[in-house]
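K.L.:
First residue of the sequence shown? That's 64 in the numbering used here, and the numbers climb one at a time after it. By construction, the Cβ of each residue, glycine as well, lies at the ideal position given by its N, Cα and C atoms. As the structure is a prediction and not an experimental result, all values here were calculated from the model.
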Amino acid sequence: MTRRVASLLLPLTLLLVGLPGCGGGFRLRPVSPHSQQGSVLFAGHLASVQIMLAPELEADKVAMLVNYDVPGEMSRVLTGLGSGQIPFAAHVYITQFRNGFGPARMHTRTIVYDPSGAVVRDFESESLSMRGGSKGARLLRITQHNVQSIADAL
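1. Can you give me the start and stop residues for the alpha helix (DSSP H) that residue 125 sits inside?
2. If residue 155 and residue 217 are in contact, beta carbons under 8 Å, what's the gap, nearest whole angstrom?
3. Quick one: residues in its chain with C-beta nearer than 6 Å to the C-beta of residue 198, no 5 flanking neighbours on either side, listed in chain order?
4. Measure the C-alpha to C-alpha separation of residue 120 and residue 158 and round it to an integer number of angstroms.
5. Judging by CA-CA distance, which residue of 96, 108, 191, 196 is the nearest neighbour of residue 205?
6. Give the C-beta separation of residue 143 and residue 107 to the nearest angstrom, bearing in mind that I take them to be a contact with Cβ-Cβ under 8 Å.
7. Nearest-angstrom Cα distance between residue 137 and residue 90?
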């Protein structure tokens, strides 16, 4: 009976150790914007942030972004940035993503709207990493860099 428990315990332990690499351990750090003069963050704050995946992204790339909850994490980190009274809304589009052989890359387009729906800022950001590591580690690195770039450009 003891051998049977031991033979079940080892695979279960290996499974639990491997789960964080399957998306469960993906968490972005908070960002501190290094805003320039004229930043929307001086006048307001990001009351809502929607992260959208471009329809032209390939299914496997969409699956990886969704599996790691990249849109949710980006939204969580960016929502609430700023200290002013005006509630701005931001739409961030992940337009390109690569995380296979070669450099990992993420390209985004961010559009910021004022409460009346007028566009107050429209810009693009790109993150690139040549460093190795697991796909999850590379994805975390380029996503963190991209979120910081977005915060700085607001």
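P.N.:
Inspection of the coordinates gives the following:
1. 122 to 130
2. Not really, about 11 Å apart at Cβ, beyond 8 Å.
3. 162
4. Answer to the nearest angstrom: the Cα atoms are 7 Å apart.
5. 191
6. Not really, about 11 Å apart at Cβ, beyond 8 Å.
7. 9 Å
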